[in-house]
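Residue numbers (the working numbering), protein chains in the order written: chain A, 1 to 224; chain B, 225 to 459.
All C-beta atoms in this analysis are idealised placements derived from N, C-alpha and C, irrespective of residue type, glycine included.
All figures in this text were calculated on a predicted structure; none of them were measured in a lab.
For reference, the structure is listed below as structure tokens.
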Amino acid sequence: MILLKKTGDFVIPGDVIAKGKVQAGPNTLKVGDAIISTRIGVVQVRGGAVSVNALTAHYTPRKGDKVVGVVARVDTYGWEVDINGPAFGYLPAQSVFGRSFNPQVHDPKSVLNIEDIIFCEIEAIRVAGGPLLRVSKRRGFKLKGFLFKLTPSKIARFIGRRGSLTEALQRETGCHITVGQNGIIVVDGEPEKVMLVAKALELVEEKPYIRGLTEEIIKVVRGA
Amino acid sequence: MAFKRVDGRGPEDLRPIEFRVGVLENADGSAEVRWGKNWIIVAVYGPHEHYPRHEALIDRGILRCRYHMNPYSTMERKPPQPSRREIELSKVIGEALEPAIMLENYPMSSIDVYIEVLQADGGTRVAGISAASLALADAGIFMRDLVAACTAGKVEGNIVLDLCDEEDKTGQADLPVAIMPNLNKITLLQMDGMLTLEEFETALNLAIKGAKKVYELQQKVLRETYFKYGGESKR
């Protein structure tokens, strides 16, 4: 393995990161014996694999992701859901009605309609078409509230260590916050309190890397 | 009498070029280029669900590219509706960008690229391609490589780089070329006019050399925009 870039190096699409026997991680591509970057980002070399932490990226659905979606279309066998990805996800009616689902008896519109907000999980990434979704009937999957968008790579920052920032915001504002890994956040609460959460989101979007971000956000929320 | 270009440049000199990325807040990715007197803005939207649905491809995405010149971007007013030239350039620019984009990652989706020429002075397609490549990278689209482009041509019997509008109109040939610099592949090669085989090879090599200089500027602007604060993203 020949490393042409090291951990922390800035790369753009097309930059050769390594050559030889090395595994291509996320946001990289193997071309011949070279590993190239496919996005703007920062190199990470770990063991025998190289990857790129993208600095700008749209949401890329992965199996197991828990996402917030908005119903875009209803048909006889399920719902198409906008999950902020390249293509809509599909939630089969069986996921909601169970195995006994019968299109002649059950009407998907009786449960979910266009513009309803749901919390779901990506069950599978299909080779053809958008991702397959599923919901947890036990948890309750229909959400209400105001929708916000955050760059997906900054979601982890908004959640904080073990959910510290989100929990603190919920405590301070009394709002219920649901965070999707796809960058969609639903905030349910009084409008004035929701605006405080919106300010916090703005801060995370603009300054995700500063130290003491949690404290600064709490100060802003309390000070308002 | 020694050959002199209309603007005083040497035969292998590029016009001053300035790129900027992230200029449009509403677009998923954007870039602006000032290339000599050319002034072009590019917006990228997507990837998103493709409409009309029946045209979506189940195994790959679709790249839709629109090149448009504003009515007063040229010396004489141009009608706002797409001309035959704009329709051709939209197709040609899309085909120049497509090999660089990993469309197989975007089934059922499309990526829209809008190239708006606000001021034109020759070489707008190569400036548009270079800026569009930056806008696509700015949008986080998976790409195999950036695309850099430049023209070369024949003016008063001399092979020169980066023709301006006057040289394009009065010259004998114009050769726009676009390349993927790291993969060493040509994605656009057009010719207008007449060149001998030797002249063509000289012009092609010169255009590729010019495109590589454009690539250096593309790298520089991305580094400055995304890595201004010692590794932290400014965006």
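Would residue i pass as an interface residue toward chain A - the criterion being a Cβ-Cβ separation below 7 angstroms?
i	result
G318 of chain B	no
R258 of chain B	no
S333 of chain B	yes
L370 of chain B	yes
P295 of chain B	no
G454 of chain B	Caution applies to G454 of chain B, whose pLDDT of 45 falls short of 50 and renders its modelled position unreliable; the model cannot decide the point.
I325 of chain B	no
P240 of chain B	no
Y338 of chain B	no
F227 of chain B	no
Y330 of chain B	yes
Starting from the C-beta of residue i, find all residues in its chain whose C-beta is less than 6 angstroms away, skip the five residues before and the five after it, and write them out in chain order.
i	result
E322 of chain B	L287
I40 of chain A	I12, L55 and T56
L112 of chain A	V71 and W79
A351 of chain B	V257, W259, N262 and I264
S357 of chain B	L370 and V371
A359 of chain B	G253, S254, A255, V266 and V268
F366 of chain B	M326 and N329
I227 of chain A	Residue 227 of chain A is absent from the model: chain A starts at 1 and stops at 224.
Name the DSSP bridge partner or partners of residue i?
i	result
C289 of chain B	B:V337
A267 of chain B	B:S254 and B:Y338
S37 of chain A	A:T28
C120 of chain A	A:V67
G417 of chain B	B:A397
H176 of chain A	A:D188
Q44 of chain A	A:S51
R73 of chain A	A:E80
T375 of chain B	B:P400
I159 of chain A	The partner list for I159 of chain A (beta bridge, DSSP) is empty, contrary to what the question assumes.
Residue i: buried (16+ other C-beta within 10 angstroms of its C-beta) or exposed?
i	result
E391 of chain B	buried
E215 of chain A	exposed
V127 of chain A	exposed
Y330 of chain B	buried
H274 of chain B	buried
L399 of chain B	buried
I118 of chain A	buried
N408 of chain B	exposed
I210 of chain A	exposed
Y77 of chain A	exposed
V230 of chain B	exposed
N102 of chain A	exposed
P303 of chain B	exposed
T394 of chain B	exposed
If you measure from the beta carbon of residue i to each beta carbon in chain B, is any gap under 7 angstroms?
i	result
P26 of chain A	no
R39 of chain A	yes
A124 of chain A	no
P13 of chain A	yes
G129 of chain A	yes
F10 of chain A	yes
CB-CB under 8 angstroms to residue i, same chain, minus the five flanking residues each way: which ones, in chain order?
i	result
G243 of chain A	For chain A, the structure presents residues 1 to 224; residue 243 of chain A sits outside this window and is missing.
L342 of chain B	W263, I264, I265, N294 and S297
L4 of chain A	V16, I17, A18 and K19
Within the same chain, show all residues whose beta-carbon is closer than 7 angstroms to that of residue i, passing over the 5 residues directly before and after it, in chain order.
i	result
I218 of chain A	A168 and E172
F148 of chain A	I185, V187, A198 and L201
E310 of chain B	Y291, H292 and M293
To be precise: take each residue of the stretch 356–368 of chain B, compare its Cβ to all Cβ atoms of chain A, and keep it if any distance is under 9 angstroms. Which residues remain? Correct list: S357, L360, A361, D362, A363, G364, I365, F366, M367 and R368.
Taking any Cβ of chain B, which residues in the stretch 86–108 of chain A have a Cβ under 9 angstroms from it, in chain order? Sequence-ordered contacts of the stretch 86–108 of chain A with chain B read P86, A87 and F88 [C-beta pairs closer than 9 angstroms].
Proximal residues, the stretch 52–68 of chain A versus chain B, C-beta separation under 9 angstroms: The residues in question are A54, L55, T56, A57, H58 and T60.
So if I threshold CB-CB distances at 8 angstroms, which residues from the stretch 396–408 of chain B count as touching chain A? Considering only beta carbons, the part of the stretch 396–408 of chain B lying closer than 8 angstroms to chain A consists of M404, P405, N406 and L407, in chain order.
Can you pull out the residues from the stretch 195–207 of chain A whose beta carbon lies closer than 7 angstroms to at least one beta carbon of chain B? Residues of the stretch 195–207 of chain A whose Cβ lies closer than 7 angstroms to any Cβ of chain B: none.
Any C-beta of chain A within less than 8 angstroms: which residues of the stretch 281–293 of chain B qualify? Result list: I282, D283 and G285.
Quick one: which residues of the stretch 139–156 of chain A get their C-beta closer than 7 angstroms to a C-beta of chain B? List them in chain order. The stretch 139–156 of chain A vs chain B, Cβ under 7 angstroms: nothing.
Quick one, which residues of the stretch 244–273 of chain B are near chain A if we go by CB-CB under 9 angstroms, in chain order? Listed by position, the residues of the stretch 244–273 of chain B near chain A (Cβ gap below 9 angstroms) are G246, D252, G253, G270, P271, H272 and E273.
Below 7 angstroms between beta carbons is the criterion; list the residues of the stretch 439–450 of chain B that meet it against any residue of chain A, in chain order. Identification of residues in the stretch 439–450 of chain B having a C-beta nearer than 7 angstroms to some C-beta of chain A yields Q443, L446, R447 and Y450, given in sequence order.
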